[in-house]
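A.B. asks: I am attaching a structure below and will ask some questions about it afterwards.
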Ligand SMILES: Cc1ncc(COP(=O)(O)O)c(C=O)c1O
């Protein structure tokens, strides 16, 4: 397909019969006259040279990733309902084998819980599959309304608002909230997730980044900001290092300096607190946080994200957030599944207890084997490698030789020099599986001569 060069304006051509279909070929009955500009372009060879090689830009971008050893390959994995964390791995050669997944964010295996699967299939049979449009067009589907009530109750807030993912809830939530507050300054933790960073960026507001979990630095920035409105955006569990923020102390600072608080509990909802309300519930400070954001995709095993807060705040976000207004709502079957999961985990603590127990046992076993486990107070077990290529080699070796799937975590998810395997034990990773994992990691570390416990992993300069 030949294209006109951008320098030739369509208005330079004499239209045969009006503007309709101009430049699109089909439907034009009379051809436009060739102008002198086009004739000159043909003569100089700037037209008719064929299509620009657009693909080369994509190849260059991929080549860059390959040369930096950052090109990602996704394993082809099919989960097996009822047998979590066992899955089928479809190998590159076409064969299939059974593997154990050790890096799922379906932290409690709720994606396969009979209550959750049952709610989803029953609702799909009753209501069909899709949502039928944005909520502006299709209206609310009833399970979504119930889900928002359930989530507001989970976090002790007046209202909840559901988005299509946790990512969108942060991106659209933070940007809309901050935009609606005149002269708002956002104070953002340096380790905040990309979805929060994008929310801050999209708000167009001024921002200050405080050093990760450094409350002294946060206080300095709050003091320097003076009387203007301020929004502190932070997480409870930071998913790569598995460390936790001091939510109560951040709320103290917010009170002292007149700031609002926005807390991402994505890696904590369902998992912490007597009813699964997250670290803020566990620490007894949930009521002090203005906005609590979460996901339905991890601890609750489904998909979707949400914010909870005051009724007026949620209504304002509902009425202004592009990421809420202009996209199709979560389908009723997903909402029903999420309700079942949230309700179940409000009642049952067995999963949370088993989760913490098996995570602690995994850490103990790996540390005893001399593996470089990053100390965490949470369910996340990072085993450090410190090199992108070796990290990928370790993951490949574990999958091919031991039937263990752990996705390597490389830059930009973590800083260069701190590449790691991020292990997430669930209640279903029993002691026998932990023993097998320990032996497999030990063999892999020996075979690839990887760094042992005691090694200092330093972030490489950018
Ligand atoms: C801290 C944090 N917030 C938000 C998200 C996005 O959540 P979701 O996967 O539901 O889009 C993630 C994703 O991993 C995350 O780690």
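Residue numbers (our numbering): -11 to 450. Every residue, glycine too, gets a C-beta built ideally from N, C-alpha and C.
Would you mind working out which of 171, 176, 116, 256 sits nearest residue 215, comparing C-alpha positions?
C.D. replies: When each option's Cα is compared against that of residue 215, the closest is 171.
A.B. asks: According to DSSP, simplified to helix, strand and coil, what is residue 125?
C.D. replies: Residue 125: helix per DSSP, three-state reduction.
A.B. asks: Just the Cα atoms here: how many angstroms apart are residue 267 and residue 41?
C.D. replies: Rounded to the nearest angstrom, the two C-alpha atoms are 51 Å apart.
A.B. asks: Using beta-carbon positions only, say whether residue 463 and residue 88 come within less than 9 Å of one another.
C.D. replies: Since the first and last residues shown for the chain are -11 and 450, residue 463 lies out of range.
A.B. asks: Distance check for residue 435 and residue 49, CA to CA, integer angstroms please.
C.D. replies: Each residue's Cα considered, the two are about 33 Å apart.
A.B. asks: Who are the Cβ neighbours of residue 309 in its own chain at under 6 Å, not counting the five residues just before and after it?
C.D. replies: Once the five neighbours on either side are set aside, the close Cβ partners of residue 309 are 160, 164.
A.B. asks: Quick check on residue 401: does DSSP put it in helix, strand or coil?
C.D. replies: In the structure shown, residue 401 sits in coil (DSSP, three-state: anything other than H, G, I, E or B).
A.B. asks: Would you say residue 284 touches ligand 1, meaning its beta carbon is less than 8 Å from a heavy atom?
C.D. replies: Correct: residue 284 has its Cβ closer than 8 Å to ligand 1.
A.B. asks: Are the CB atoms of residue 111 and residue 231 within a distance shorter than 9 Å?
C.D. replies: No, Cβ-Cβ distance for residue 231 and residue 111 is not below 9 Å.
A.B. asks: In terms of residue numbering, what span does the beta strand (DSSP E) encompassing residue 294 cover?
C.D. replies: Residues 293 to 297.
A.B. asks: Could you tell me whether the region 414 to 429 touches the region 348 to 361, where touching means 3 or more Cβ pairs closer than 8 Å?
C.D. replies: The region 414 to 429, when compared against the region 348 to 361, does touch it at the 8 Å Cβ threshold.
A.B. asks: Where DSSP assigns a beta bridge to residue 513, which residues make up the other side?
C.D. replies: What the structure shows of the chain is the stretch from -11 to 450, and residue 513 is not part of that stretch, so it cannot be assessed.
A.B. asks: In whole angstroms, what is the alpha-carbon distance linking residue 182 and residue 315?
C.D. replies: Going by the C-alpha atoms only, they are around 20 Å apart.
A.B. asks: Does the Cβ of residue 404 have 16 or more other Cβ atoms within 10 Å, making it buried, or fewer, making it exposed?
C.D. replies: Counting Cβ neighbours within 10 Å, residue 404 comes out buried, since at least 16 surround it.
A.B. asks: Quick check on residue 459: buried or exposed, where buried means 16 or more other Cβ atoms within 10 Å of its Cβ?
C.D. replies: Missing from the structure shown is residue 459; the chain here goes from -11 to 450 and no further.
A.B. asks: Would you call the CB atoms of residue 245 and residue 221 closer than 9 Å?
C.D. replies: Their beta carbons are not under 9 Å apart, which means residue 245 does not touch residue 221 by this criterion.
A.B. asks: Look at the alpha carbon of residue 192 and the alpha carbon of residue 438, and state the distance between them as a whole number of angstroms.
C.D. replies: In a straight line, the C-alpha of residue 192 is about 44 Å away from that of residue 438.
A.B. asks: Under a three-way DSSP split, which group does residue 146 fall into?
C.D. replies: Three-state DSSP puts residue 146 in coil, outside helix and strand.
A.B. asks: First and last residue of the beta strand (DSSP E) that includes residue 279?
C.D. replies: 279 to 283 is the extent of the beta strand (DSSP E) around residue 279.
A.B. asks: From the DSSP output, in three-state form, read off residue 438 for me.
C.D. replies: Looking at residue 438 - three-state DSSP - the assignment turns out to be coil, as it is neither helix nor strand.
A.B. asks: For residue 211, count neighbouring Cβ atoms within 10 angstroms of its own Cβ and tell me buried if that reaches 16, exposed if not.
C.D. replies: Exposed: under 16 other Cβ atoms inside 10 Å.
A.B. asks: Determine, using beta-carbon pairs with one atom in the region 118 to 133 and one in the region 239 to 257, whether at least three such pairs fall under 8 Å.
C.D. replies: Cβ pair count under 8 Å is below three, so no.
A.B. asks: Could you give the C-beta distance for residue 260 and residue 149, rounded to a whole number, given that I count them as a contact under 8 Å?
C.D. replies: Contact flag wrong, Cβ pair sits at about 22 Å.
A.B. asks: Under the criterion of a Cβ to heavy atom distance below 8 Å, does residue 181 qualify as lining ligand 1?
C.D. replies: At least one heavy atom of ligand 1 is nearer than 8 Å to the Cβ of residue 181, so yes.
A.B. asks: Looking at the secondary structure, which residues open and close the alpha helix (DSSP H) in which residue 325 lies?
C.D. replies: 320 to 335 is the span of the alpha helix (DSSP H), which, as asked, contains residue 325.
A.B. asks: Is any heavy atom in ligand 1 found nearer than 8 Å to the beta carbon of residue 373?
C.D. replies: No, Cβ of residue 373 sits at least 8 Å from all heavy atoms of ligand 1.
A.B. asks: Runs of 4 residues minimum, wholly inside the region 132 to 201: which ones carry the alpha helix (DSSP H) assignment?
C.D. replies: The region 132 to 201 contains these whole alpha helix (DSSP H) runs: 154 to 167, 182 to 191.
A.B. asks: Tell me which residues share the same chain as residue 113 and place their Cβ nearer than 7 Å to its Cβ, disregarding the 5 neighbours each side in the sequence.
C.D. replies: Taken in chain order, the list of residues that qualify is empty.
A.B. asks: Using a threshold of 8 Å, is the CB atom of residue 143 nearer than that to any non-hydrogen atom of ligand 1?
C.D. replies: Every heavy atom of ligand 1 is 8 Å or more from the Cβ of residue 143, so no.
A.B. asks: Compute every distance between the C-beta of residue 177 and the non-hydrogen atoms of ligand 1, then say whether any falls below 8 Å.
C.D. replies: Flag unset: Cβ of residue 177 not near ligand 1.
A.B. asks: What is the rounded straight-line gap between the Cα of residue 383 and the Cα of residue 430?
C.D. replies: Near 13 Å, if we compare the C-alpha coordinates of residue 430 and residue 383.
A.B. asks: Which residue or residues does DSSP assign as beta-bridge partners of residue 250?
C.D. replies: Paired residue(s): 221, 279.
A.B. asks: Can you tell me the Cα-Cα spacing of residue 447 and residue 406, whole angstroms?
C.D. replies: Looking at the two C-alpha atoms, the distance is approximately 6 Å.
A.B. asks: Find the nearest neighbour of residue 402 within the set 379, 390, 414, 418, judged by alpha-carbon distance.
C.D. replies: Measuring from the Cα of residue 402, the nearest candidate turns out to be 379.
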